[in-house]
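Participant: I'd like to ask some things about the structure below.
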Amino acid sequence: MDRLLEGLTEAQREAVLHVEGPLLILAGPGSGKTRVVTHRIAHLLQGGVPATEILALTFTNKAAEEMRDRVARLTGSEPIWVGTYHRFCALLLRRFAPLVGLQENYTIYDEQDSAGALRQVLRRLHVDGTQFSPESIAAAISWAKNRLIGPDRYEPRAGHPLGALVKRVYPAYQAQLAGANAADFDDLLLHVVTLLHDNPEIRQALDERYRFVLVDEYQDTNLAQYALARALSIDHPNLAVTGDPDQSIYGWRGANLNNILEFEKDFPDVRVVRLERNYRSTRRILRVAAELIAHNVKRKQKDLYTQNGEGVPVRLVTYGTQKDEAEGIAAQIAEAIRSGRRRPREFAIFYRVNALSRAFEMALRQQNVPYQLVNGVEFFSRKEIRDVLGYLRLLHNPRDDVALERVVNAPARGIGRTTLQRLGEYAAARGIGLLEAARAARQIGSLGAKAAGHVLKFVALIDRLAGVAAAPVEEILGHVLSESGYKRQFEQSDSEEDQQRLANIEELLTVAREFDEQSGGKGRLEEFLEKISLAGDTDSWEEESDRVTLMTLHASKGLEFPAVYLVAVEEGLLPHERSRDQPDQLEEERRLMFVGITRTREELQISRAQYRDFRGRRKITIPSQFLMELPRGEMEAQEFAREADELARETSYDQSPAATPAAVVPKRTYTPQLVTAAELGRGGESAPVSPDEFYQGMLVLHPEKGLGHVVALSGSGRSRRAVVDFKSPPCRVSLVLSKSPLRPVRSQPTQCR
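Laid out in structure tokens, this is it:
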């Protein structure tokens, strides 16, 4: 107990020692919130609460991982369940799927998948999209789901044409998802809340199971997340929530600030603890942040303080153009690195929208400064990655029509849009999925013999791959890439773009191998797909990597850096143009800037440009109104402005697209020990080859079976296995590499690795 309380403030101790009853922890930025939450969990465990009765919900995978690791270090006991809301709901749905009209092998649709399903519905309903875009319809459906309004209860406002269209589309979209045995992100929450509402015995059993519920970042919960936390805290109201109204920045995706502002109304006997001491920032940075956020009305008063030093003044810098801004910041960073004053990983550049990163990427490359562009979902959004994952999704859920449409002609198989349309008509008439319809291709009169043959070959491919769907994920991926020919199309191409795609596919193999290793070889395909579907923005951030971090302000939540550059603080960008004349949205934009400022430990620079090219237009910028709200006494103003006539003479800025830096896309770099048939014939005199030196697609030689190529790999260390296709006589063999005389050969095909 002494170890758990050592070094804690009085307020922190109060939160840690609280056991029974509701608890509201108002935690300012840098106030040791994670430490308090994890020490409180450790205190519960030491007090005899079983690990299985504690449920901790947070908003990012990284936060969940950090919390889990800290608790394990403190207690060494059985790990508690820590994860995101969506992951917890996905877990419950696997167990209770039939009660909401799904099967256990349902697919989680991400934003692109959902958009594909919606487009199918709009085509079927003959909605042309000229008046309202699919994106606006999707946003309206998402809005309804986040407010627990299902398609049967949705009612548009009178005289609201978009609402009238949504009332027609929403039920058809949900039927489309049900037919594909799929759920979108919003469904994960809506289905579970509906499940608990309609099945009191399940709600009661879960309430009994999770007697202590802890929710992190409570200010970012929406109505569905609020309802879930409340449903699990009726019989045992031991709900402890941690958050800060001043850091609520997700209203655009349904977060309801009132959930935390009115927590005392929900639980009148709640204990409220305020964590106001900041351990992160200098006094000057903290005073700048406090002065800014004081302009908000919807908040709970906190008096932030720190025992850190005064620190250097916050720099407020005006540049001429966005190019000047990017080059000036890159030069500052490069000089600090060259002088040894700072390492690259100590710097972060924050911006309001991703589109602003390009100029900073180019400037950092010109200065030879390594950087990482943090967008965790970006890798999995690439076409080649989505194509390969489409195969895995179809193997896991044969009813996933969106996945089938993605992979049926990837690579090209002569199955065009007309063939798919006729398959779809046949499937719709019989209430079956596209894959089942494809099996009956010969019976579809509107399909010609040639088209039916192509379709049946694809069905045969899927059936062959289904035979390995229970294997480790890396092995499944290897079979998919080999059998489908998807990887081969890039291996045979000399274009730089195709070689980059090949590198991305090989990186996906690495992701699969890491998943297999982390799960001890017992991870299932559905868990791999779920993990990828629920990936967050910061999942790709490598904290220990010695690179400058570029990220949006939203992605920066929960992180901290010694030196931060907050750029493009201009009207229309920060605050965003959508917040104009919207007081609540303007307050959220101010909170977003507050979050960016309070990520900083020692040095902060806030900047703007006089001129900026954005979305194809050049314009004179207006300083952000937030700049007028900052305390000038804590700041040092610098001007690198340029005369208007000089700026006007510049007809264009450098608009060349930013190439992906090599540092952003990891590549395996190794040189296998290659041998020839003659060397093998001498009785294996060559040195042993490490199992890690083999890769998918590699040409290999066996002293008895001859030449072959690696179809798939799985396992790790001395247990690593390879599935190899040998040419003469044709056969497929699975070998334990550490026990096999298999060797790479010198005549490797040329590949960009």
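Just so you know, the numbering used here puts the end of the sequence shown at 789, numbered straight through with nothing missing.
Every residue gets a Cβ at the ideal spot worked out from N, C-alpha and C, and that includes glycine.
#1: In three-state DSSP terms, what is Q408?
#2: According to DSSP, is F27 helix, strand or coil?
#3: Measure from the alpha carbon of W179 to the alpha carbon of each residue in T166, Y145, L225, then state which is nearest.
#4: If you draw a straight line from the alpha carbon of L492 to that of S529, how long is it in whole angstroms?
#5: Could you compute how far the alpha carbon of M671 sits from the alpha carbon of K523?
#6: Cutting at 7 angstroms between CB atoms, please list the residues of its own chain near H790, excluding the five before and the five after it.
#7: Evaluate contact between the region 297-314 and the region 329-344, counting only Cβ atoms and requiring at least three cross-stretch pairs below 8 angstroms.
#8: Excluding the 5 residues flanking S660 on each side, which residues of the same chain have their C-beta closer than 6 angstroms to its C-beta?
#9: On the three-state DSSP scale, how would you describe S750?
#10: Give the DSSP bridge partners of K741, in chain order.
#11: Starting from the N-terminal side, write out each stretch of the beta strand (DSSP E) that is 3 residues or longer and does not extend beyond the region 536-615.
#12: Which full runs of the alpha helix (DSSP H) of 4+ residues lie inside the region 105-190, going along the chain?
#13: For L640, which option in I270, R583, T657, E596 has the closest C-alpha, if you only look at C-alpha atoms?
#14: Using the Cα positions of L268 and Q240, report the straight-line distance between them to the nearest angstrom.
#15: At the level of alpha carbons, what is the spacing between S783 and A488?
#16: Between the region 214-224 and the region 42-53, do at least 3 Cβ pairs fall closer than 8 angstroms?
#17: Does the Cβ-Cβ distance between N13 and G64 come in under 8 angstroms?
#18: At the level of alpha carbons, what is the spacing between L242 and A99?
#19: Quick check on the DSSP output: the alpha helix (DSSP H) that includes D243 runs from which residue to which?
#20: Grab the span of the beta strand (DSSP E) containing D761 for me, first residue to last.
#21: Along the beta strand (DSSP E) that carries S770, what are the first and last residues, could you check?
#22: Just to confirm, is the Cβ distance from F662 to L328 under 8 angstroms?
#23: Put I656 into one of helix, strand or coil per three-state DSSP.
#24: Between which two residues does the beta strand (DSSP E) harbouring G356 extend?
#25: Alpha carbon to alpha carbon, how far is G594 from W288? Give it in angstroms, no decimals.
#26: Kindly list the residues whose CB is nearer than 6 angstroms to the CB of A362, restricted to its own chain and excluding five residues on each side of it in sequence; keep chain order.
#27: Could you tell me which of S750, A153, R779, F730 sits nearest to E740, measuring between CA atoms?
#28: Three-state secondary structure (DSSP) at F416?
#29: I'd like to know whether the C-beta of D649 is nearer than 8 angstroms to at least one C-beta of chain D.
#30: Are the Cβ atoms of Y121 and L91 separated by less than 8 angstroms?
#31: Please identify the residue among S417, P380, E543 whose C-alpha is closest to the C-alpha of D582.
#32: What is the DSSP secondary structure of Q709, reduced to helix, strand or coil?
#33: Between P197 and the rest of its own chain, which residues show a CB-CB distance below 8 angstroms, the 5 nearest in sequence each way excluded?
#34: To the nearest angstrom, how far is it from the Cα of H75 to the Cα of A174?
#35: What does a CB cutoff of less than 6 angstroms around I61 pick up in its chain, not counting 5 residues either side in sequence?
#36: Identify which residue in V136, E675, L628, E511 has its Cα closest to the Cα of P281.
Facilitator: Walking through what the data contain:
#1: Along the sequence shown, one-based indexing puts residue 408 at 372. It is a strand residue.
#2: Lying before the first or after the last residue shown, residue 27 is absent from the chain, which here runs from 37 to 789.
#3: Position 143 of the sequence shown, counting from 1, holds the residue named residue 179. Nearest option by C-alpha distance: L225.
#4: As a position in the sequence shown, residue 492 is number 456, starting the count at 1. As a position in the sequence shown, residue 529 is number 493, starting the count at 1. Approximately 28 angstroms, taken between the alpha carbons.
#5: The count along the sequence shown starts at 1 and reaches residue 671 at position 635. The count along the sequence shown starts at 1 and reaches residue 523 at position 487. If I take the Cα positions, the gap works out to 55 angstroms.
#6: Shown here, the chain extends from 37 to 789; a query on residue 790 therefore has no answer.
#7: yes
#8: Here residue 660 is taken as the residue at index 624 of the sequence shown, counted from 1. V605, E606, E607, L610.
#9: Here the question's residue 750 lines up with position 714 in the sequence shown. It is a strand residue.
#10: By one-based count along the sequence shown, residue 741 stands at place 705. According to DSSP, K741 bridges with nothing at all.
#11: Segments of the beta strand (DSSP E) lying fully in the region 536-615: 584-588, 597-602.
#12: 121-132, 147-160, 170-182
#13: Locating residue 640 in the sequence shown gives position 604, where the first residue counts as 1. For L640, the nearest C-alpha among the options comes from E596.
#14: In the sequence shown, the residue the question calls residue 268 occupies position 232. In the sequence shown, the residue the question calls residue 240 occupies position 204. L268 and Q240 have their C-alpha atoms roughly 8 angstroms apart.
#15: Taking the first residue of the sequence shown as 1, we reach residue 783 at position 747. Taking the first residue of the sequence shown as 1, we reach residue 488 at position 452. Confidence at S783 is low in this model, with a pLDDT of 46, below 50, so the placement of that residue should be treated as unreliable; the coordinate-derived value is given next. Cα to Cα, S783 sits roughly 39 angstroms from A488.
#16: no
#17: Lying before the first or after the last residue shown, residue 13 is absent from the chain, which here runs from 37 to 789.
#18: Within the sequence shown, numbered from 1, the residue matching residue 242 stands at position 206. Within the sequence shown, numbered from 1, the residue matching residue 99 stands at position 63. For L242 and A99, the distance between alpha carbons rounds to 24 angstroms.
#19: Numbered from its first residue, the sequence shown carries residue 243 at position 207. Segment 236-245, the alpha helix (DSSP H) holding D243.
#20: The residue given as residue 761 occupies position 725 in the sequence shown. Segment 757-762, the beta strand (DSSP E) holding D761.
#21: As a working mapping, residue 770 is identified with position 734 in the sequence shown. Segment 767-772, the beta strand (DSSP E) holding S770.
#22: If you number the sequence shown from 1, residue 662 lands on position 626. If you number the sequence shown from 1, residue 328 lands on position 292. Taking 8 angstroms as the Cβ cut-off, F662 and L328 qualify as a contacting pair.
#23: Residue numbering aside, residue 656 sits at position 620 when the sequence shown is read from its first letter. Strand.
#24: The count along the sequence shown starts at 1 and reaches residue 356 at position 320. Looking at the DSSP string, the run of the beta strand (DSSP E) that includes G356 is 350-357.
#25: Here residue 288 refers to the residue found at position 252 when the sequence shown is read from its first residue. Here residue 594 refers to the residue found at position 558 when the sequence shown is read from its first residue. The straight-line gap from Cα to Cα measures roughly 19 angstroms.
#26: Within the sequence shown, numbered from 1, the residue matching residue 362 stands at position 326. Contacts found: A395, F396, A399.
#27: For the purposes of this step, residue 740 is identified with residue 704 of the sequence shown, where counting begins at 1. E740 has its Cα closest to that of R779, out of S750, A153, R779, F730.
#28: As a first step, residue 416 must be located in the sequence shown, where it is residue number 380. If DSSP states are grouped into helix, strand and coil, F416 belongs with the helices.
#29: Absent from the structure: chain D. Only one protein chain is present.
#30: To locate residue 121, count along the sequence shown from 1; it is residue 85. To locate residue 91, count along the sequence shown from 1; it is residue 55. Taking 8 angstroms as the Cβ cut-off, Y121 and L91 do not qualify as a contacting pair.
#31: Residue numbering aside, residue 582 sits at position 546 when the sequence shown is read from its first letter. With distances taken between Cα atoms, D582 lies closest to P380.
#32: Locating residue 709 in the sequence shown gives position 673, counting from the first residue. Because Q709 carries a pLDDT of 40, less than 50, the predicted location of this residue cannot be relied on, and no value is offered for it.
#33: Locating residue 197 in the sequence shown gives position 161, counting from the first residue. Contacts found: Q167, F168.
#34: As a working note, residue 75 is residue 39 in the sequence shown. As a working note, residue 174 is residue 138 in the sequence shown. So the alpha carbons of these two residues sit roughly 41 angstroms apart.
#35: Taking the sequence shown and counting its residues from 1, the one referred to as residue 61 is at position 25. Closer than 6 angstroms at the Cβ level, and outside the excluded window around I61, lie A51, T278, V309.
#36: The count along the sequence shown starts at 1 and reaches residue 281 at position 245. The residue with the shortest Cα to Cα distance from P281 is L628.
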